[in-house]
Amino acid sequence: MSNVCLQQSLRHLDRAFSNFFKGQARYPTFKKKQRKQSATYMANGFRWRDGKLWLAKHKDPLDIRWSRYFPAHQAVSR
1 MSNVCLQQSL
11 RHLDRAFSNF
21 FKGQARYPTF
31 KKKQRKQSAT
41 YMANGFRWRD
51 GKLWLAKHKD
61 PLDIRWSRYF
71 PAHQAVSR
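Under UniProt numbering, the first residue of the sequence shown is numbered 1, with each subsequent residue one higher.
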């Protein structure tokens, strides 16, 4: 597993507690295993080649079943 995923998780947790102590949010709760699992990768932590998704530190591509079609050209919005 890439260390970026773990670092991003810690950043999210830090932001959640910061917002809690500022009074802007409730106390953070941990995700349960039965819920949808997710991971956050930076732009250099994955690549898309020949219709397959390759993640950092994985030797084989992921088998992905997309729920909808993605256009070839995407615009990044921030």
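Glycine residues also receive a C-beta, built at the ideal position from the N, C-alpha and C atoms.
Note that the coordinates shown come from a computational prediction; the quantities given were computed from them, not determined experimentally.
| Asked | Found |
| --- | --- |
| Whole angstroms is fine: what's the gap from residue 3's alpha carbon to residue 9's? | 10 Å |
| Please give me, in chain order, every unbroken run of the beta strand (DSSP E) with length at least 3 that falls completely inside the segment 48-74. | 52-55 |
| So residue 40 and residue 5 are supposed to be a Cβ contact under 8 Å. How far apart are they, rounded? | 6 Å |
| Return the Cβ separation of residue 45 and residue 55 in integer angstroms, given the expectation that the two are a contact with Cβ distance under 8 Å. | 7 Å |
| Quick check: what's the CA-CA separation for residue 62 versus residue 33? | 21 Å |
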